[in-house]
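4 protein chains.
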Amino acid sequence: MPRPSNTEERRQQIVLGLLRVMSERGYERASVNEIAKAAGLSPGLVHYHFSDKQEILLVLVEQLAARARERVARRVARIAPEDARGKVEAFLDAFLATGADADPSAVAGWVTISAEAIRQPEVRDAYEQVVRADLEHLEGLVASVVGKRRARALSVGLFAAVQGYFVLSASAPGLVPSGSAAHTVKQMAAGLLDTATAKEGA
Amino acid sequence: MPRPSNTEERRQQIVLGLLRVMSERGYERASVNEIAKAAGLSPGLVHYHFSDKQEILLVLVEQLAARARERVARRVARIAPEDARGKVEAFLDAFLATGADADPSAVAGWVTISAEAIRQPEVRDAYEQVVRADLEHLEGLVASVVGKRRARALSVGLFAAVQGYFVLSASAPGLVPSGSAAHTVKQMAAGLLDTATAKEGA
Amino acid sequence: MPRPSNTEERRQQIVLGLLRVMSERGYERASVNEIAKAAGLSPGLVHYHFSDKQEILLVLVEQLAARARERVARRVARIAPEDARGKVEAFLDAFLATGADADPSAVAGWVTISAEAIRQPEVRDAYEQVVRADLEHLEGLVASVVGKRRARALSVGLFAAVQGYFVLSASAPGLVPSGSAAHTVKQMAAGLLDTATAKEGA
Amino acid sequence: MPRPSNTEERRQQIVLGLLRVMSERGYERASVNEIAKAAGLSPGLVHYHFSDKQEILLVLVEQLAARARERVARRVARIAPEDARGKVEAFLDAFLATGADADPSAVAGWVTISAEAIRQPEVRDAYEQVVRADLEHLEGLVASVVGKRRARALSVGLFAAVQGYFVLSASAPGLVPSGSAAHTVKQMAAGLLDTATAKEGA
DNA sequence: CATGAATGAGCGTTCATTCAT
DNA sequence: AATGAATGAACGCTCATTCAT
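Just so you know, the sequences run in chain order H, V, U and R.
Everything in the first sequence is counted per UniProt numbering, starting at 1 for the first residue and increasing by one.
Everything in the second sequence is counted per UniProt numbering, starting at 1 for the first residue and increasing by one.
Everything in the third sequence is counted per UniProt numbering, starting at 1 for the first residue and increasing by one.
Everything in the fourth sequence is counted per UniProt numbering, starting at 1 for the first residue and increasing by one.
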C-alpha cells in the first residue's frame with residue numbers, strides 16, 4: 001500500500017516558504033535552498049513538486065488573489081443589497097482595513113510580484129488576470145452607483161489608490177499614517193461617486 | 001597637464017545604462033556587464049566609477065527624483081500664486097499627465113526601485129527620503145486648501161494613487177484606460193479637498 | 001500461495017525502456033525516471049529489479065547481441081553447407097540488410113553502447129565479449145574460404161565496415177545511400193576473399 | 001594600455017581540455033570544472049570564452065576535422081598526380097596508418113562525438129558537415145579510378161570501414177590486430193576498385 | 001582613466017538512489 | 001512486488017567584483 005499522497009500539503013508548504021523568503025529578500029534572492037529551508041524540506045523536493053521556481057511564484061499569485069477575493073466576498077456579503085455605496089466601501093476595506101496592516105509579508109509579496117510582472121511574461125499574465133478580476137468586481141459595484149459609462153475609470157482610480165497604499169506601506173512604511181489608508185480611500189471614493197452622480201443627474 | 005575629468009559624464013552614462021537594463025530585466029538580473037554594454041563602456045570601468053552595483057541604483061533613485069521635482073516645479077510655477085487647488089492639480093499632472101505614459105522605462109524603473117526598497121535598507125532610505133520630500137511638497141500645497149490638520153492624510157492618499165497608477169501601468173498595462181490617470185486622480189483630489197473644506201468650514 | 005514472479009517480464013520492460021530512452025537521449029541523459037515511464041513502471045521499481053542503472057545497460061548489451069546472433073544464425077542456416085562464401089555474405093546481410101535500416105533505435109543504442117564502452121570498464125568488458133563472439137563466428141566462416149592464417153585480419157576488417165555503417169547511419173543518416181550498405185560490404189568481402197584466395201593458391 | 005587579448009590561446013586550452021577529459025569520461029561526464037582543471041584555468045573562465053559547453057564540443061569537432069584534413073592533404077600530395085589508386089590509399093593511410101594507433105584520445109574523442117551526434121542536432125550538423133567533406137574528397141579520388149557512377153557507394157563503404165576501425169580500436173582495443181587496419185582497408189579498396197573497374201570496362 | 005580577462009561563490013535544476021509505506 | 005516521495009551531491013551557468021596591463 002503506497003503512502004498516501006501529500007503532494008498538496010507539500011506544495012502549500014513550499015508556496016508559503018516562497019512568500020516568507022520573498023517578502024524578506026525579493027524573488028530573485030529567494031534561493032530554492034532557502035525556500036526549502038523555510039518550508040522545512042530538502043532542496044531537491046522543491047523541484048519534485050514544482051517544475052521550476054517560477055511555477056511556485058505563479059501559484060503564490062493565485063493564492064494571494066484567492067485570499068483577497070475571500071476577504072472581499074465576506075465583507076461585501078454583509079452589506080445590505082440595496083446599499084451600493086456601502087459595497088464599494090466594503091470592497092476597499094477588504095483590501096486596506098486589514099490587508100495592508102495585518103499581513104505585511106503578503107503585502108510585501110504582492111508588491112514584489114507587481115515588480116516581477118514587469119519582466120516575466122507568465123507572471124504578468126497571472127498578475128493581469130488577477131487584477132482584471134478584482135477590477136471587474138469593483139467596476140460592477142461602482143456601476144451600481146454611477147452607471148456603467150463612468151465606472152471603469154473610477155474603479156481603476158480607486159484600485160490604483162489601493163495598490164499605491166500597498167507600495168508605500170511596504171517600501172516606505174514610516175510615511176503612511178497608521179490606519180489612514182482605508183479611511184482616505186473611502187473618502188476618495190465618496191468624492192468620485194458624488195461628482196459622477198451629480199454629472200449623471202445633470 | 002592632466003586630462004579633464006569625465007567622471008561625471010561616465011557616471012551619467014552608467015546610471016542611464018542601469019535604468020535601461022533594469023526596466024527590461026529588473027535590478028538583480030541587470031548584470032554589470034549589461035549595464036556597461038548599455039552605457040557603451042567596458043565592464044571594468046563601472047567599478048572604477050562606482051564602488052558597487054547598489055551605488056548605481058542609489059544614484060538612479062536620486063536622479064529620477066530630481067527629474068520629477070523639476071517637472072513638478074515647472075508646472076506649479078505656472079499656476080497663479082493664489083490658486084491653491086490649481087497647484088495641487090499641477091503637482092498631480094506633473095506625475096501623471098506625462099510621466100506614466102511618456103517614459104515607460106522610468107516608470108518601470110521606479111516600480112522596480114519600490115520593490116528593491118523592501119529589502120535593501122540603503123535603497124529604502126533613499127526611496128523614503130525621496131517620497132518624503134515629494135509628500136512634504138504636496139502636503140504644503142494641500143494645506144493651503146484644507147489646513148494643516150488634514151493635509152497629511154489627504155496628500156498621502158493622493159500620492160498613493162499616483163504610485164498605484166505607476167504600478168498598474170508598468171505591471172498590467174492593458175488595464176489602465178489610456179490618459180485616464182491624471183483626470184481621475186484630479187477628480188479624487190477635488191472630492192477630498194471639497195469634503196475637507198466643508199468639514200473645516202463646519 | 002505466493003503470486004507468480006514476474007521479475008523477468010519486468011526486467012524486460014525496463015531494458016526495453018532504457019533502449020527507447022537511450023536511443024533518443026543517450027545513456028547519461030536517460031534518467032531512471034524516464035526509463036521507468038517508458039517501461040510503464042514506477043521509478044522505485046527499477047531499483048528493485050536492478051541494482052543500478054549500469055546493470056540495465058549491461059543486460060541491454062547482452063540482449064542486443066542475442067538478437068543479432070539469432071538473425072545471423074537464421075540466415076546462415078539457410079545457406080548450403082558447402083557454400084562458404086555464401087555464409088560470409090549471410091553473416092554480413094544479417095547485420096546490414098535489415099539491421100541498420102529496419103531498427104534505427106537498436107542501431108542508435110548500439111552506437112551509444114560503443115561510446116560508453118570507452119569509459120565504463122564493465123560496459124567495455126560486455127561489449128568486447130559480444131564483439132569477440134561475433135568476430136569468432138565470422139572468422140570461422142572466413143577461414144573456410146581463405147584459411148586460418150588470414151581469417152583474423154579479414155574478418156576484423158569486414159566487421160569494422162559493419163560497425164562503421166552503424167555509426168554513419170545513426171550519426172550522419174543523410175550520407176549513407178539507402179540500401180547500399182549490405183551490397184558494398186559484400187563487395188568488399190568478395191574482393192578480400194578473392195585476393196586472399198589467390199595469394200593462398202600461389 | 002590593455003593587456004593583449006589571449007582569447008584564442010585560452011579557447012585552444014579549453015578545447016584541448018575537453019578532448020582530454022572527454023576521451024576518458026565521455027562528453028556528459030566531462031564537467032566544466034574538470035575541463036577547466038585540465039586546461040589549467042578557473043571554472044568561470046570557461047564560460048567567459050565559450051557561451052556554453054556545447055560550443056566547446058563544436059569547436060573540437062572542427063579542430064579534429066582540420067587535423068585530419070591536413071594529414072590527408074599531406075599524404076595525398078606526395079602521390080604522383082596520375083596515380084589515382086595511390087591517392088585513395090594515401091587517403092586511407094592518413095586516417096588509419098597513424099590516426100587510430102597514434103592518437104588514442106583523438107580517436108576516442110571522435111567516437112564520442114559520433115555518439116553525441118545522434119542526439120544533439122547542432123553536433124549532428126557539424127559532424128555531418130565534416131563527414132560530408134571527407135566523403136566528397138574520397139569520392140573524387142575514387143571517381144578517378146572507377147568513374148563517377150560507382151564512386152559514391154564505394155567511398156561510403158571505405159569510409160565506413162575507417163570509422164568502424166575507430167570504434168573498434170577505441171571501444172574494444174584488444175580485438176584489433178595491431179597495425180592491421182590500414183592494410184586491410186587498402187585491400188578492401190583494391191578489391192572494390194578492381195571489381196568496379198572490371199564492370200566499367202564490360 | 002580604461003580594458004577585458006580572471007575569479008570563485010552561488011544559482012536553478014537534474015538525478016541516481018533510498019526508503020517508508 | 002510496488003509506489004512515489006524524499007535525499008543530497010553534482011551539474012552547467014551567471015555574476016559582482018578584482019586586477020594586471
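All residues carry an ideal CB built from backbone N, CA and C; glycine is no exception.
Because the structure is a prediction, the values reported are computed rather than measured.
Residue environment, residue i, which counts as buried when at least 16 other CB atoms sit within 10 Å
{"i": "Tyr-48 of chain U", "result": "exposed"}
{"i": "Arg-149 of chain H", "result": "exposed"}
{"i": "Thr-184 of chain V", "result": "buried"}
{"i": "Gly-17 of chain U", "result": "buried"}
{"i": "Lys-199 of chain H", "result": "exposed"}
{"i": "Ala-202 of chain R", "result": "Since pLDDT at Ala-202 of chain R reaches only 49, below the 50 mark, its modelled position is unreliable, and no value is offered."}
{"i": "Glu-116 of chain U", "result": "buried"}
{"i": "Thr-112 of chain H", "result": "buried"}
{"i": "Gly-179 of chain U", "result": "exposed"}
{"i": "Gly-191 of chain U", "result": "buried"}
{"i": "Gly-44 of chain H", "result": "exposed"}
{"i": "Met-1 of chain U", "result": "Residue placement at Met-1 of chain U cannot be trusted, given a pLDDT of 45 that sits under 50; the coordinates are not used to answer."}
{"i": "Gly-26 of chain U", "result": "buried"}
{"i": "Ser-114 of chain V", "result": "buried"}
{"i": "Ala-172 of chain H", "result": "buried"}
{"i": "Ser-5 of chain H", "result": "exposed"}
{"i": "Arg-74 of chain H", "result": "exposed"}
CB contact below 9 Å: residue i versus chain H
{"i": "Phe-159 of chain V", "result": "yes"}
{"i": "Gln-163 of chain V", "result": "yes"}
C-beta neighbour in chain V for residue i, strict 9 Å
{"i": "Ser-31 of chain H", "result": "no"}
{"i": "Leu-168 of chain H", "result": "yes"}
Closer than 8 Å at the beta carbon, the chain U residues around residue i
{"i": "Arg-124 of chain R", "result": "Ser-171 and Ala-172"}
Contacts of residue i in chain H (Cβ-Cβ under 7 Å)
{"i": "Arg-132 of chain V", "result": "Leu-175"}
{"i": "Glu-128 of chain V", "result": "Ala-172, Gly-174 and Leu-175"}
Reference residue i, options the options, closest by Cα
{"i": "Asp-83 of chain U", "options": "U:Arg-25, U:Ala-143 and U:Gly-44", "result": "U:Ala-143"}
{"i": "Val-123 of chain H", "options": "H:Lys-53, H:Ile-14 and H:Ser-5", "result": "H:Lys-53"}
{"i": "Val-156 of chain R", "options": "U:Val-156, U:Gly-174 and U:Val-146", "result": "U:Gly-174"}
{"i": "Gly-140 of chain H", "options": "H:Gln-120, H:Ala-189, H:Val-88 and H:Val-167", "result": "H:Val-88"}
{"i": "Phe-95 of chain U", "options": "U:Glu-55, U:Tyr-165 and U:Ser-23", "result": "U:Tyr-165"}
{"i": "Ala-66 of chain V", "options": "V:Trp-110, V:Ala-90, V:Leu-41 and V:Thr-197", "result": "V:Trp-110"}
{"i": "Gly-40 of chain V", "options": "V:Ser-23, V:Arg-11, V:Ala-151 and V:Glu-24", "result": "V:Arg-11"}
{"i": "Ala-189 of chain R", "options": "R:Asp-103, R:Phe-91, R:Thr-7 and R:Glu-128", "result": "R:Phe-91"}
{"i": "Glu-55 of chain U", "options": "U:Ala-126, U:Val-176, U:Ala-133 and U:Thr-197", "result": "U:Ala-126"}
{"i": "Pro-177 of chain H", "options": "V:Leu-168, V:Ala-160, V:Ala-181 and V:Ala-170", "result": "V:Ala-160"}
{"i": "Ala-108 of chain V", "options": "V:Ala-196, V:Ser-169, V:Arg-71 and V:Asp-194", "result": "V:Ser-169"}
{"i": "Ala-153 of chain H", "options": "V:Thr-197, V:Ala-38, V:Gln-187 and V:Arg-78", "result": "V:Gln-187"}
{"i": "Ala-102 of chain R", "options": "R:Leu-60, R:Ala-68, R:Thr-195 and R:Glu-62", "result": "R:Ala-68"}
{"i": "Arg-20 of chain R", "options": "R:Gly-147, R:Val-146, R:Arg-119 and R:Leu-60", "result": "R:Leu-60"}
CB contact below 9 Å: residue i versus chain U
{"i": "Ala-202 of chain R", "result": "Summary for Ala-202 of chain R: the model assigns pLDDT 49, below 50, so the residue's position carries little reliability; its value from the coordinates is reported in the next sentence. Output row for Ala-202 of chain R: interface = no."}
{"i": "residue 241 of chain R", "result": "There is simply no residue 241 of chain R to check, as chain R begins at 1 and stops at 202 in what is shown."}
Amino acids of chain U, ordered along the chain, whose beta-carbon sits closer than 9 Å to that of residue i
{"i": "Arg-69 of chain R", "result": "Chain U residues near Arg-69 of chain R: none, gap ~17 Å exceeds 9 Å."}
Within chain R, the residues that residue i reaches when beta carbons sit closer than 7 Å
{"i": "Leu-135 of chain U", "result": "Leu-175"}
Proximal chain U residues relative to residue i, where beta-carbon distance stays under 7 Å
{"i": "Glu-82 of chain R", "result": "Within chain U, no residue comes near Glu-82 of chain R; the closest Cβ sits about 23 Å away, beyond 7 Å."}
Any C-beta of chain R under 9 Å from that of residue i
{"i": "Gly-147 of chain U", "result": "no"}
{"i": "Val-156 of chain U", "result": "yes"}
{"i": "Met-1 of chain U", "result": "In this prediction, Met-1 of chain U scores a pLDDT of 45, lower than 50, which makes its location untrustworthy; no coordinate-derived value is stated."}
Heavy atom of the ligand ADP within 8 Å of residue i beta-carbon
{"i": "Ala-68 of chain U", "result": "Only the bare structure without any ligand can be found here, which leaves the ligand ADP out of the picture."}
Note down, in chain order, all residues in the segment 103-121 of chain V with a beta-carbon under 8 Å from any beta-carbon belonging to chain H.
Ala-108, Val-111, Thr-112, Ser-114, Ala-115, Glu-116, Ala-117, Ile-118 and Arg-119
Mind checking the segment 175-198 of chain R against chain U and listing, in chain order, the residues whose C-beta falls within less than 7 Å of any C-beta there?
Contact residues of the segment 175-198 of chain R toward chain U are Leu-175, Val-176, Pro-177, Ser-180, Thr-184, Val-185, Gln-187, Met-188, Ala-190, Gly-191, Leu-192, Asp-194 and Thr-195 (C-beta to C-beta distance below 7 Å).
Using a Cβ cut-off of 7 Å, which residues of the segment 3-28 of chain R contact any Cβ in chain U, in chain order?
Glu-24, Arg-25, Gly-26 and Glu-28
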